[in-house]
Amino acid sequence: MRIAIFGAGLVGQRTATALVARGFDNVALISQTRETAPSDGVAMGQGWPHPAAQDADIVVLATESAHQPAMAIQLMKSGTHVVTTADNPDDVQRLWALDDTATEAGAALVIGAAYSPGLSTLLASYLVRTLDTVDTISTAQFGTGGPACAHEHHRAMGSTAHEVHEGVLRTSRGGSGRELVWFPDPVASADCYRAGLADPFLLHQAFPTVRRIESRQAATRRDRLTSRLPMLRPPHAEGLVGAVWAEVRGHVDGRAEHRAMAATAPQATGAAAMVAAFCCELAGQVSGEEGQSQIRSGAQSAASNENPVSLLQLVSDDVRLWAYDGSQIVNASGETEPIHAARKWRSPGENVAIPLFSHCLITRIGSFT
Amino acid sequence: MFTMFRRAVFGAAIAAVTAAILRIFGGDGAPPQRGGWREVDPSELNPVKHNPTKQT
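Chains as they are written, first to last, in our numbering: chain A, 1 to 369; chain B, 1 to 56.
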């Protein structure tokens, strides 16, 4: 199985390393500038178009988001399966519009195989499929990966947000709709806001009857304040903490239910794990049982994937998965104990003094009147 | 006038005593700020149902 990766930024490098670690022995990383391989077993190349792309069974596009639709068209014409990491909602919509092109060419076009969209929509997709009916899907993301990701975070906060309301995709103001989201440690709680994210669009394509789909990203007050200005200082080389959160609300056996899951990993590592998981799945489909290709051609995403459990198992090599059960808390001694809203509800006998005082007080007031 | 003043003082005293009781014996402030998350082993993920939102 030959895989070519275009773009040797953080996600491209991590993807190459993840693919080699998963046993792919023919991985080429193609970049405009980089000349040294991120790990053993990765061949390096430069420029576009590149012969490695013509020979490859799968091409991963980890370049700038805006370049990916044009590159994908060119690759799919020769029947190459393409995995894209674009996270800009306009580019994601442009890629989704290539569904017919991909189907005609018999190629798979994976869209939004990154952290968010990608991991976030995969968690949401899994949770949706555990319910009987679904009313609401919410996702949120914390942190950024490399410099390109930080630029995208900045752009998203200052641009038009997308969400599904009453079953219709609509726009609203980026930076609005503050909501406190609880991520697993070490992130814990973070204020998240509407932003120009691709999650609602991809989730809407996968689950068109869900009435409400919304997505938020964590940001500070300074992020919001400066989001409509150019970035005031250059972004960091890599954000080391990242998390995505997904919650669905619906019904199971006629009972209202809400379920939440999260994933934690540095964003570039999580995005690379997502790409590697899709490559593993495509490679399995190309090989197929008895050597027959079972590839599902056309546009697809983590949200529309029919087997999210398999993808979650594949990404879990590099990403920690969490489920929120709200029933326990890890105390100072490292043991778990039940979690409650406040200490006074911990045991019925503990606060017997309050009803006793109240009773005495009421009796005393009664004697005055 | 004096009766009204006395009632006001009495009401304020009752409020102060009630607040003191609740402050001393009541719950200890904000609920837990951490926890509730359980790390999931991928092997314990349940096989999923059909897509419940798929239009037929």
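Backbone N, C-alpha and C define an ideal beta-carbon position, used for all residues, glycine too.
Quick check for students: name the residue ranges of the beta strand (DSSP E) that lie wholly in the stretch 17-55 of chain A, counting only runs of 3 or more. 26-31, 42-46
Tell me which same chain residues have a C-beta within less than 7 Å of the C-beta of Pro235(A), skipping the five on either side of it? Pro147, Ala150, His151
On the criterion of 16 or more Cβ atoms from any shown chain inside 10 Å, does Thr56(B) qualify as buried, or is it exposed? Unreliable positioning characterises Thr56(B) in this predicted model, as indicated by a pLDDT of 47, which lies under 50. A coordinate reading is not provided.
For chain B, find out if any of its Cβ atoms is closer than 8 Å to the Cβ of Tyr115(A); answer yes or no. no
May I ask which residues mark the beginning and end of the alpha helix (DSSP H) holding Asp223(A)? Unbroken alpha helix (DSSP H) run through Asp223(A): 221-226.
Take the Cβ of Ala198(A) as the centre, count every other Cβ of all protein chains shown within 10 Å, and call the residue buried at 16 or more, exposed below. buried
Whose C-beta lies closer than 7 Å to the C-beta of Ala72(A) among residues of the same chain, with five residues either side of it excluded? Residues Leu61, Val82, Thr84, Leu95, Leu98, Leu109 of the same chain have their beta carbon placed closer than 7 Å to that of Ala72(A), with the five preceding and five following residues left out of the count.
With which residues is Cys149(A) paired in a DSSP beta bridge? DSSP lists no partner for Cys149(A).
What is the residue span of the beta strand (DSSP E) that Gln141(A) lies within? Segment 133-142, the beta strand (DSSP E) holding Gln141(A).
Cα-Cα, which of Ser297(A), Asp25(A), Ala188(A), Arg173(A) is closest to Met77(A)? For the sequence presented, residue 77(A) should be read as Lys rather than Met. Selected option, being the one with the closest Cα: Ser297(A).
DSSP three-state assignment for Gly250(A), whether helix, strand or coil: Per DSSP, reduced to three states, the secondary structure at Gly250(A) is strand.
Could you pull the DSSP bridge partners for Met261(A) from this structure? Ala246(A), Ala323(A)
Glu214(A), enclosing beta strand (DSSP E) - first and last residue: 212-218
Who are the near neighbours of Ala342(A) in its chain, counting only those whose CB is closer than 6 Å to its CB and skipping five residues on each side? No answer about Ala342(A) holds up, because its pLDDT of 40 lies below 50 and its placement is not dependable.
If you follow the beta strand (DSSP E) that His50(B) is part of, which residue opens it and which one closes it? Neither: His50(B) is in no beta strand (DSSP E) and is coded neither H nor E.
Going by DSSP, name the residue or residues bridged to Phe6(A). Ile30(A), Leu61(A)
By Cβ distance below 8 Å, which residues in the same chain neighbour Ser176(A) in space, the five residues on each side in sequence not counted? Ala161, Tyr193, Arg194
With a cut-off of 8 Å, do at least 3 Cβ pairs link the stretch 263-277 of chain A to the stretch 306-321 of chain A? yes
Name the DSSP bridge partner or partners of Arg38(B)? Ala323(A)
Is the beta carbon of Gly112(A) sitting closer than 8 Å to the one on Ala140(A)? Going by C-beta atoms, Gly112(A) is not nearer than 8 Å to Ala140(A).
Quick one: give me the first and last residue of the alpha helix (DSSP H) that Ser172(A) is part of. Boundaries around Ser172(A) are those of the beta strand (DSSP E), 168-172, since no alpha helix (DSSP H) includes it.
With 8 Å set as the bound, which would you pick, yes or no: does the beta-carbon of Tyr193(A) sit closer than that to a beta-carbon of chain B? no
Taking 8 Å as the threshold (beta carbon to beta carbon), is Gly36(B) in contact with chain A? yes
Going by DSSP, what residue range makes up the beta strand (DSSP E) through Val164(A)? Element bounds for Val164(A): 161-165.
Cβ neighbours of His204(A) in the same chain (closer than 7 Å, five flanking residues each side left out): Val164, Leu169, Ile213
contact_flag[the stretch 31-47 of chain A, the stretch 298-311 of chain A] where n(CB pairs < 8 Å) is 3 or more: no
Does the stretch 50-61 of chain A come into contact with the stretch 275-282 of chain A, if we say contact requires no fewer than three beta-carbon pairs (one atom in each stretch) closer than 8 Å? yes
Keeping to the same chain, check which residues put their C-beta closer than 7 Å to that of Arg22(A); ignore five residues upstream and five downstream. Contacts found: Ala276, Cys280.
So that I know if they touch, is there some Cβ in chain B lying closer than 8 Å to that of Ala246(A)? Not one chain B Cβ lies under 8 Å of Ala246(A).
Endpoints, beta strand (DSSP E) assigned at Glu238(A): Segment: none, Glu238(A) is in no beta strand (DSSP E) and carries neither H nor E.
What would DSSP say about Gly175(A), mapped onto helix, strand or coil? coil
Does Ser301(A) come out as helix, strand or coil in the three-state DSSP assignment? Strand.
Flag this pair as yes or no: are the beta carbons of Gly118(A) and Arg228(A) separated by less than 8 Å? no
What residues of chain B sit near Thr269(A), judged by a beta carbon separation below 8 Å? The premise fails here: Thr269(A) is roughly 16 Å from chain B at the closest Cβ pair, so nothing lies under 8 Å.
Going by beta-carbon coordinates alone, are Trp245(A) and Val181(A) separated by less than 8 Å? yes
Give me the Cα-Cα distance between Leu131(A) and Arg249(A), rounded to the nearest whole angstrom. 8 Å
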